[in-house]
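Same order as they appear, the protein sequences are chains A and B. For what it's worth, this note's numbering labels the leading residue of the first sequence as 377, then goes sequentially. For what it's worth, this note's numbering labels the leading residue of the second sequence as 1389, then goes sequentially. What follows is one structure encoded as structure tokens, with my remarks underneath.
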Amino acid sequence: MTQVVKSKKPRAKKAKAPAFSKETYLQWYEVMLRIRRFEERTLMMYGQQKIRGFCHVYIGQEAIAAGLVSAIRPEDAIATAYRQHGIALSRGISSKACMAELFGKKTGVVNGKGGSMHFFSKEKRFFGGNGIVGAQIPIGTGIAFAEKYKGTDNLCVTMFGDGAARQGALFESFNMAMTWKLPVLYICENNGYAMGTSVSRTSNVPDIYKIGLAFDMPSEAVDGMNPEAVHEALAKAAKHIREGNGPYFLEIKTYRYKGHSVSDPGKYRSKEELKEYKDLDPIKVVENKILKDKIASEAEIKAIKDLIKTEIDEAIEFAENSDYPDPSELYTDNYVQKDYPFLT
Amino acid sequence: MARKIALRDALREGMSEEMRRDENVFLMGEEVALYNGAYKVSKGMLDEFGERRVVDTPISELGFAGIGVGAAMNGLRPIIEFMTWNFAVLAFDQIVNNAAKTLSQSAGDFNCPILFRGPSGAAGQLGQQHSQTFESWMANVPGLKVISCIDPYDAKGLIKSAIRDEDPICMMESELYYNLEGEVPEEEYLVPIGLAAVRRQGTDVTIVSYNKMMLVAKAAAEELAKEGISAEVIDLRTIRPLDFQTIVDSVKKTNRLVIVDECWPFAGVSAEVTYEIQKFAFDYLDAPIVRVNSADTSLGYAAAFVEEFLPNPAKVIEAVKQVMYVK
């Protein structure tokens, strides 16, 4: 069964009767606001050189993380790329552990060993954080292989950007996942640019979802600026996968407000284009809907804002006050074997 | 009771025993199932274990190596067979950037108990792309362990240890010697990773080698014995971690060292052994260490090139005489 939805630019939707519960709207709002504020502070801290290395923020793409929170189960696995802070936060990894990791502190989610690109949490079923463009695509496929092997009904959400969609690893993975009907939900977060190269400059076929059609994989394009649309697409795909039908591919069209990384001013795109997307800002859209449709009160929105502000302030304080790892930790976690004889 | 079996049968016995022992072990690769293995290493395994656990893949080395990495991170113990390590080059991203680094990146939260295996080294007139030796490539990478052996007893004992190991492992076999027979006990045993074996006792010179170059080293030692030169021959069996102590102990006795290494010379296994031995046994050496490697070239097709390229007993004998200052 193959389903095609015409690719289109996302448009702000007119307010209509809420399709989701109050709890869901507030959950989305909280998840998105946490990511936005976390990333804004991340950029500030980078400016102060508290955070070093490569650093890619998720600002603009939050609706995808929100949709994942409501549509995917905690037992499901997630593997993603290096623009991962938002997804990690949405999985329930704490702001403190994430910020401390960015600071390179031993209290970080991976003890200061991963930095911005490599968060992992077995408890939260978060399989990284991969710094090699597209490398997580076969890995996520393998995580799904293991779920099928063990006979669970869990799936693996395997996320990648539009740049990674051009890697050979994707084609190999799609082919095997469809051949073996693996429970994997592939998500291309198409934010329009592979670093500085626009999607239309990377292929003769700019509609990325069409790649799945070559494998008879159900494939759709989704408005990624609205958690309602993201949730609906994810839930439908997840149901299809859990029923044993094999993989599903969603090209979720989104936008990053900032450059590729902190060192990129993003001069390859126009102010008008940026404004067009900022007008669709998922946090504003959800906040407006909550208030306009009287889903929750202004006081409830303010309470979430206050909660997040306090949380991020505390995360910064926690990161600041934490210790750096001892240099001897360089030699831990290279091998499970405890007495591995390193050369000196 | 020991019986003689071939290298391919020893490898298959090791894999099959571990698959019977642990439901989470599976074999994946090109032609491993229905075809019974490109070199018949997995012959009969599909019949015993079924297609859930013996999995034929399309020709997608990067893809199925990565599927192995993901499966290993998620609780399984994959054996990923490459038809040759030359093809594994396509999968180096998954071996080097992912399998080797998962434990470090996740600060120990996820390990990657995966075995990548297949033949390494030249195997006749196969030309430039099918004749490479990968031990030193993989052994350069922290996070990986590298096994390279040819003796059927070692192969079975080491592949079983490798499958049970919690770290990612690269195992190098030999296309030309899957038929090589050796004594292998009926009863179960393991060979520990990281230990070399002294194959021949000697007093005048130490010859260190591994994999099929062991046959060259042993042949040279036999010839040298006829000339009254007593060579001690060490089989490394594991390249990373490398058992330098066994070499140091031998060199303290013989005071001379020759390394026979199918890797190219530059930054190869022989270079590392040479460094460590000069560091730990400098005062015991009576001559500079000499190595016999494959030529520092790509290997062309013609038979004359193969002969010129590879170490052979005559080259090893010449090297031994060089370190012994005899003509």
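We put the CB at the ideal spot given by N, CA and C, even for glycine.
Closest to residue i by CA distance: which of the options is it?
| i | options | result |
| --- | --- | --- |
| Ala605 (chain A) | A:Ile688, A:Met535, A:Gly443 and A:Lys398 | A:Gly443 |
| Val1477 (chain B) | B:Gly1458, B:Leu1450 and B:Tyr1672 | B:Leu1450 |
| Asp1481 (chain B) | B:Lys1667, B:Gly1616, B:Val1529 and B:Ala1398 | B:Val1529 |
| Val581 (chain A) | A:Glu608, A:Ser549, A:Lys557 and A:Arg542 | A:Arg542 |
| Asp709 (chain A) | A:Phe625, A:Asp689 and A:Gly488 | A:Gly488 |
| Ser1524 (chain B) | B:Pro1676, B:Lys1703, B:Lys1667 and B:Phe1654 | B:Phe1654 |
| Tyr633 (chain A) | A:Asp592, A:Gly622 and A:Lys654 | A:Lys654 |
| Val1636 (chain B) | B:Val1429, B:Ala1585, B:Glu1411 and B:Trp1652 | B:Ala1585 |
| Arg645 (chain A) | A:Met475, A:Ala476 and A:Ala570 | A:Ala570 |
| Arg467 (chain A) | A:Glu406, A:Cys431 and A:Cys564 | A:Glu406 |
| Arg1441 (chain B) | B:Lys1428, B:Ile1468 and B:Gly1458 | B:Ile1468 |
| Ile463 (chain A) | A:Phe479, A:Phe414 and A:Met420 | A:Phe414 |
| Pro450 (chain A) | A:Glu676, A:Lys500, A:Lys670 and A:Glu548 | A:Lys500 |
| Tyr1577 (chain B) | B:Glu1696, B:Tyr1713, B:Tyr1541 and B:Lys1640 | B:Tyr1541 |
| Gly1417 (chain B) | B:Met1471, B:Ala1390, B:Lys1428 and B:Leu1603 | B:Met1471 |
| Gly436 (chain A) | A:Glu565, A:Phe718 and A:Met554 | A:Glu565 |
Using beta-carbon positions only, say whether residue i and residue j come within less than 8 Å of one another.
| i | j | result |
| --- | --- | --- |
| Pro1701 (chain B) | Asn1681 (chain B) | no |
| Asn1499 (chain B) | Glu1554 (chain B) | yes |
| Ser1492 (chain B) | Gly504 (chain A) | no |
| Thr1521 (chain B) | Ile1581 (chain B) | no |
| Ser1508 (chain B) | Leu1687 (chain B) | no |
| Gln1593 (chain B) | Ile1622 (chain B) | Reading off the sequence, residue 1593 (chain B) comes out as Val, not Gln. For Val1593 (chain B) and Ile1622 (chain B), no; Cβs fall outside 8 Å. |
| Glu1569 (chain B) | Ile1393 (chain B) | yes |
| Tyr562 (chain A) | Phe479 (chain A) | no |
| Ala545 (chain A) | Ile587 (chain A) | no |
Can you confirm whether residue i, when its beta carbon is compared against all beta carbons of chain B, has any partner nearer than 8 Å?
| i | result |
| --- | --- |
| Gly642 (chain A) | no |
| Asp709 (chain A) | yes |
| Tyr569 (chain A) | no |
| Ser549 (chain A) | yes |
| Ala522 (chain A) | yes |
| His494 (chain A) | yes |
| Thr378 (chain A) | At Thr378 (chain A), the pLDDT of 44 sits below 50, so the modelled position is not reliable; the number obtained from the coordinates is stated separately. So, not an interface residue. |
| Met535 (chain A) | no |
| Met475 (chain A) | no |
| Phe625 (chain A) | no |
| Arg632 (chain A) | no |
| Ala391 (chain A) | Note on Ala391 (chain A): pLDDT 49, under 50, position unreliable in the model; no value is reported. |
| Lys382 (chain A) | Low confidence applies here, because Lys382 (chain A) scores a pLDDT of 47, under 50, leaving its location unreliable; read the following figure in that light. Output row for Lys382 (chain A): interface = no. |
| Gly620 (chain A) | no |
| Ile508 (chain A) | yes |
Do we get a CB-CB distance below 8 Å when we pair residue i with the residues of chain A?
| i | result |
| --- | --- |
| Arg1692 (chain B) | One detail in the question is off: residue 1692 (chain B) reads as Ala in this sequence, not Arg. Cβ-Cβ to chain A under 8 Å: no for Ala1692 (chain B). |
| Val1529 (chain B) | no |
| Thr1445 (chain B) | yes |
| Phe1668 (chain B) | no |
| Glu1554 (chain B) | yes |
| Pro1629 (chain B) | yes |
| Ile1455 (chain B) | yes |
List the residues that DSSP assigns as beta-bridge partners of residue i.
| i | result |
| --- | --- |
| Asp1623 (chain B) | B:Ala1585 and B:Ser1597 |
| Tyr569 (chain A) | A:Ser574 |
| Ser446 (chain A) | Per DSSP, none; premise fails for Ser446 (chain A). |
| Glu1561 (chain B) | B:Pro1507 |
| Phe502 (chain A) | A:Ile454 and A:Ser497 |
| Ala597 (chain A) | A:Glu627 |
| Met535 (chain A) | A:Ile563 |
| Met1526 (chain B) | Met1526 (chain B) pairs with nothing; no bridge assigned. |
| Met1602 (chain B) | Answer by DSSP bridge pairing: none, since Met1602 (chain B) is not bridged. |
| Ala1390 (chain B) | B:Pro1573 |
| Arg1396 (chain B) | None, per the DSSP bridge assignment. |
| Pro1466 (chain B) | B:Phe1414 |
| Gly1647 (chain B) | Note on identity: in this sequence residue 1647 (chain B) is Ile, with Gly being the wrong assignment. For Ile1647 (chain B), which the question treats as bridged, DSSP gives the partners B:Val1596 and B:Arg1679. |
| Arg1739 (chain B) | Nothing can be reported for residue 1739 (chain B), as the shown portion of chain B is limited to 1389 through 1715. |
Grab me the residues of residue i's own chain with a C-beta within less than 6 Å of its C-beta, minus the 5 sequence neighbours each way, in chain order.
| i | result |
| --- | --- |
| Gly1402 (chain B) | Lys1544, Ile1547 and Lys1548 |
| Ala540 (chain A) | Val509 and Gly510 |
| Ile1557 (chain B) | Leu1503, Lys1533 and Ala1550 |
By Cβ distance, which residues of its chain are closer than 8 Å to residue i, with the 5 residues on each side in sequence left out?
| i | result |
| --- | --- |
| Phe496 (chain A) | Val485, Val486, Gly490, Phe502, Phe503, Gly504 and Gly505 |
| Pro641 (chain A) | Gly635 |
| Lys681 (chain A) | Leu409 |
| Lys1606 (chain B) | Arg1587, Arg1588 and Val1621 |
| Lys714 (chain A) | none |
Go through its chain and collect everything with a Cβ distance to residue i's Cβ below 7 Å, but skip five positions before and after it.
| i | result |
| --- | --- |
| Met1601 (chain B) | Val1648, Asp1649, Glu1650 and Pro1699 |
| Glu1431 (chain B) | In the sequence under discussion, the amino acid at residue 1431 (chain B) is Lys, which differs from the Glu named in the question. Excluding positions up to five away in sequence, the list reads Arg1400, Asn1424 and Gly1425. |
| Ala522 (chain A) | none |
Return yes when the C-beta of residue i is under 7 Å from any heavy atom of the ligand MN, and no when it is not.
| i | result |
| --- | --- |
| Ala511 (chain A) | The ligand MN is absent from the structure shown, which contains no ligands of any kind. |
Whose Cβ in chain E lies nearer than 7 Å to the Cβ of residue i?
| i | result |
| --- | --- |
| Met554 (chain A) | Here chain E cannot be found, since the structure's protein chains are A and B. |
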